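Structure first, commentary second.
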Amino acid sequence: MIVKTRNRPLYIQKLQALLRRLPKNHSKIPFIQETLAKHTAGYRGEHSIDYPLSFLSPQNYYIVHDLRLPHNEYHFQIDTLLISPYYLFILEVKNIAGTLFFDQDFHQLIRTLDDKVEVFPDPILQVKRHKVQLTSWLNKHKLPDIPIETLVVISHPNSQIQTSPPHQQYVRRKVIHRNALPFKINQIEGRYNEAILSIKQLKKITRLLLKQHNSSDSSVMEQFNIHSKDIIKGVHCPECFQIPMERVHGTWLCAQCLHTCKTAHIEALRDYSYLIQSTISNREARDFLKINSNPLASRILQSISTETEGNQRGRTYHLTFED
Numbered sequence: 001m002i003v004k005t006r007n008r009p010l011y012i013q014k015l016q017a018l019l020r021r022l023p024k025n026h027s028k029i030p031f032i033q034e035t036l037a038k039h040t041a042g043y044r045g046e047h048s049i050d051y052p053l054s055f056l057s058p059q060n061y062y063i064v065h066d067l068r069l070p071h072n073e074y075h076f077q078i079d080t081l082l083i084s085p086y087y088l089f090i091l092e093v094k095n096i097a098g099t100l101f102f103d104q105d106f107h108q109l110i111r112t113l114d115d116k117v118e119v120f121p122d123p124i125l126q127v128k129r130h131k132v133q134l135t136s137w138l139n140k141h142k143l144p145d146i147p148i149e150t151l152v153v154i155s156h157p158n159s160q161i162q163t164s165p166p167h168q169q170y171v172r173r174k175v176i177h178r179n180a181l182p183f184k185i186n187q188i189e190g191r192y193n194e195a196i197l198s199i200k201q202l203k204k205i206t207r208l209l210l211k212q213h214n215s216s217d218s219s220v221m222e223q224f225n226i227h228s229k230d231i232i233k234g235v236h237c238p239e240c241f242q243i244p245m246e247r248v249h250g251t252w253l254c255a256q257c258l259h260t261c262k263t264a265h266i267e268a269l270r271d272y273s274y275l276i277q278s279t280i281s282n283r284e285a286r287d288f289l290k291i292n293s294n295p296l297a298s299r300i301l302q303s304i305s306t307e308t309e310g311n312q313r314g315r316t317y318h319l320t321f322e323d
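Using UniProt numbering, the letters of the sequence shown map in sequence onto residues 1 to 323.
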């Protein structure tokens, strides 16, 4: 049973908003596009294991996707966690094409593709570290001591897994292609005969995991050293993404493709919250949406914000959006 679904990461949405609102000749665009491509590929790779996981019996597992938990003053992120009464199973998903050489002497992943060699951090070491962190988290919350299995899942269908002869047996145990996932899980199930968690404890752990989950909310503006003055203001067209749309008779009109939309300002304010800040005043809304009417800005903000601070001219609106 899936208790936490995998949603499009906030970081990806922020990068998309940033690309929408930078001038086409901005020097940082190639770096942002490359970063977005890598994270989008990772997200697609994580999604690709949903079908293999569908072969599992829903009553045997609670499935938690995209889990980010506190550990000391940092956080650690688990792509997918399977929770059963017998053991926990951490899955680290990598969507990487090419020949993948798992170098266990220097703990690195070497990818060769189109005669180009790239080096990545060792995902086997990464998922091992997640096991240590999850064990520490369980102990901190005085939860039962339960075995934790780990596995690296290669989701790209055109990847070839290699390692040096001394490490072949170990890498075979720790790395598989996604299509082999349900069979690997069945194999591991056979090792455990005694339930550690009662149904009540299993539900308690699941509730606590969801309560402790904390999505990353880093600033892409700071990451790429982009100033707010570089951001293009205005409502963007949902069809052709032209900025700005014009406000005409209670709706938004795109001068380029003539598309009209009554609610296009919502996505513009979402961009504002992703790139600038999560609160906005009437004056700031008028400036960003490129409108002159104070009452119109108030109506727009009141329609989407359920939390405000201050009174009258000093009022600020909290911008929160459902996925």
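Ideal Cβ placement from N, Cα and C applies to all residues, glycine included.
These numbers were taken from a predicted model, which means no experiment stands behind them.
Please look up how many angstroms separate the CB atoms of residue i and residue j, rounded, as I've assumed it's under 8 Å.
i: Pro238; j: Cys257; result: Pro238 to Cys257, Cβ: 10 Å. No contact.
i: Val152; j: Pro123; result: 5 Å
i: Phe102; j: Thr163; result: 4 Å
i: Ile63; j: Ile154; result: Rounded, the Cβ-Cβ distance is 19 Å, inconsistent with contact.
i: Arg21; j: Asp271; result: 6 Å
i: Glu73; j: Val127; result: Not a contact, Cβ separation roughly 22 Å.
The beta strand (DSSP E) with residue i in it runs from where to where?
i: Pro182; result: From DSSP, Pro182 is part of no beta strand (DSSP E) but of the alpha helix (DSSP H) over Leu181 to Glu189.
i: Arg247; result: Glu246 to Val248
i: Gln77; result: Tyr74 to Ile83
i: Arg111; result: Gln108 to Leu113
i: Arg173; result: Premise fails: Arg173 lies in the alpha helix (DSSP H), Gln168 to Lys174, not in any beta strand (DSSP E).
i: Gln160; result: Ser159 to Gln162
i: Glu149; result: Ile148 to Ile154
i: Val220; result: Taken as a continuous stretch (DSSP letters only), Val220 belongs to no beta strand (DSSP E), being part of the alpha helix (DSSP H) at Val220 to Gln223.
Going along the chain, which residues of its own chain have a beta-carbon closer than 7 Å to the beta-carbon of residue i, five neighbours each way excluded?
i: Gln13; result: Tyr274
i: Asn214; result: Arg68, Pro70 and His75
i: Gly42; result: Asn95
i: Leu125; result: His107
i: His47; result: Arg6
i: Ile276; result: Ser228
i: Phe224; result: Lys28, Phe31 and Ile32
Tell me whether the beta-carbon of residue i lies closer than 8 Å to the beta-carbon of residue j.
i: His249; j: Ile300; result: no
i: Asp176; j: Glu149; result: Position check: residue 176 holds Ile in this sequence, whereas Asp was assumed. Contact flag unset, no.
i: Ala285; j: Val235; result: no
i: Lys233; j: Lys290; result: yes
i: Lys4; j: Leu210; result: yes
i: residue 387; j: Ile90; result: Any question about residue 387 goes unanswered here, given that the chain covers just 1 to 323.
i: Leu10; j: Leu36; result: no
i: Ile205; j: Leu296; result: no
Among the residues of its own chain, which have a CB less than 8 Å from the CB of residue i, if the five just before and after it don't count?
i: Glu307; result: Tyr317, His318 and Thr320
i: Ala195; result: Pro85 and Tyr86
i: Arg315; result: Ser281, Asn282, Thr308 and Glu309
i: Asn294; result: Asn282 and Arg286
i: Phe241; result: Arg20
i: Ile49; result: Thr80, Leu91, Val93, Val153, Ser155, Arg178 and Leu181
Could you please give the first and the last residue of the uninterrupted alpha helix (DSSP H) stretch that includes residue i?
i: Tyr51; result: Asp50 to Leu53
i: Leu289; result: Asn282 to Leu289
i: Ser298; result: Asn294 to Ile304
i: residue 377; result: As shown, the chain starts at 1 and ends at 323. That puts residue 377 outside it, with no answer to give.
i: Thr263; result: No alpha helix (DSSP H) holds Thr263; DSSP gives it neither H nor E.
i: Lys4; result: Where Lys4 is concerned, there is no enclosing alpha helix (DSSP H), although the beta strand (DSSP E) it sits in stretches over Ile2 to Lys4.
For residue i, which residues of its own chain have a beta-carbon under 6 Å away from its beta-carbon, when the five flanking residues on both sides are left out?
i: Ser136; result: none
i: Val171; result: Phe102 and Thr163
i: Ile243; result: Ile232, Gly234 and His236
For chain C, is any of its Cβ atoms less than 8 Å away from the one on residue i?
i: Asp50; result: The structure shown contains no chain C, having only a single protein chain.
Stretch pair the stretch 82 to 102 + the stretch 143 to 163: three plus CB contacts closer than 8 Å: Three or more beta-carbon pairs drawn from the stretch 82 to 102 and the stretch 143 to 163 are found closer than 8 Å, and the two stretches are therefore classed as touching.
The stretch 78 to 96 contacting the stretch 197 to 213, beta-carbon criterion three pairs below 8 Å: Because the criterion of three Cβ pairs below 8 Å is met, the stretch 78 to 96 and the stretch 197 to 213 touch.
Inter-stretch contact at 8 Å, needing at least 3 Cβ pairs: the stretch 171 to 182 / the stretch 47 to 57: With contact defined as three or more Cβ pairs closer than 8 Å, the stretch 171 to 182 and the stretch 47 to 57 are in contact.
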